[in-house]
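One rule links them: number in the working numbering = place in the sequence shown (from 1) + 57.
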Amino acid sequence: MEKIIKKLTKDNLEDFSRLFSNDTCEKCQCTFYFSANNIDTWDKMSIDEAKKLRKNITDKCSDGYIYYKDNEPTAWCQCLYPKDAPYLEKLLNIGENENSKIISCFFIKKEYRGKGIQKEFLKYILLECKNEGIDSIYSIPVFDEFLNNVDDKIKNEKLHTGYKKLFDEFGFTCIGDNRRYYFMKKYL
């Protein structure tokens with residue numbers, strides 16, 4: 058069973074769409090981070106408009122990685138530069154000259170959840186960022202109390218940013234929260 062992680066590019070953009078083919082995540086939160094100033098527009102996007110936005114994002118930058126199992130896209134992790142997502146840059150209060158990236162979204166197909174893919178992503182991404190010369194990496198895992206108040210039917214959707222416990226395991230430090238997300242940081 059072959060497992061591969063590849064950076065999202067124009068060349069594998071169709072794999073990104075295939076990843077979400079049987080889910081409602083086409084209009085994923087990770088596109089919101091690029092459109093946060095236009096919340097009304099983002100919230101009313103059709104699937105086709107969301108795909109066009111995703112193409113425009115990918116034309117501008119590579120904002121994450123696709124996890125493949127036996128050549129099939131099975132998971133996604135958004136990891137981007139703060140300058141590419143001003144909403145997150147402001148939320149995390151990241152300095153203009155800071156050499157950092159943000160892990161802000163995970164999506165794992167239902168049949169692959171609970172199999173350690175987020176851990177594999179984190180190991181891979183931390184190594185990639187270190188090799189790129191990135192000094193620090195941020196994350197925004199879901200706030201525990203917020204998750205406790207979410208209906209079970211939408212709990213997985215609200216978990217798109219991951220659990221704090223996972224980031225704790227990888228040495229991230231909590232630097233704050235807004236009662237929706239924990240703000241975490243790790244120096245590389």
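C-beta atoms are modelled at their ideal positions from N, C-alpha and C, and glycine is treated no differently.
Within the same chain, Cβ atoms closer than 7 Å to the Cβ of R75 are found at P130, the five residues on either side in sequence being excluded. A distance of 8 Å or more separates the beta carbons of I165 and S157. Just measuring C-alpha positions, the residue of F224, E155, F240 sitting nearest S193 is E155. In this structure, Y239 and C231 form a Cβ contact; the two beta carbons are roughly 5 Å apart against a cut-off of 8 Å. When beta bridges are read from the DSSP output, I123 appears opposite K63, W133. Annotation for M58: K126, D127 place their beta carbon closer than 8 Å to its own, counting only its chain and skipping 5 residues before and after. Judged by DSSP secondary structure, I165 falls outside any alpha helix (DSSP H) and instead within the beta strand (DSSP E) spanning 157-165. A check of alpha carbon separations from I160 across P143, E185, I197 identifies I197 as the nearest.
The residue from I174, N113, F227, F77 with its alpha-carbon nearest to that of I61 is I174.
Beta bridge pairing from DSSP links D234 with Y239.
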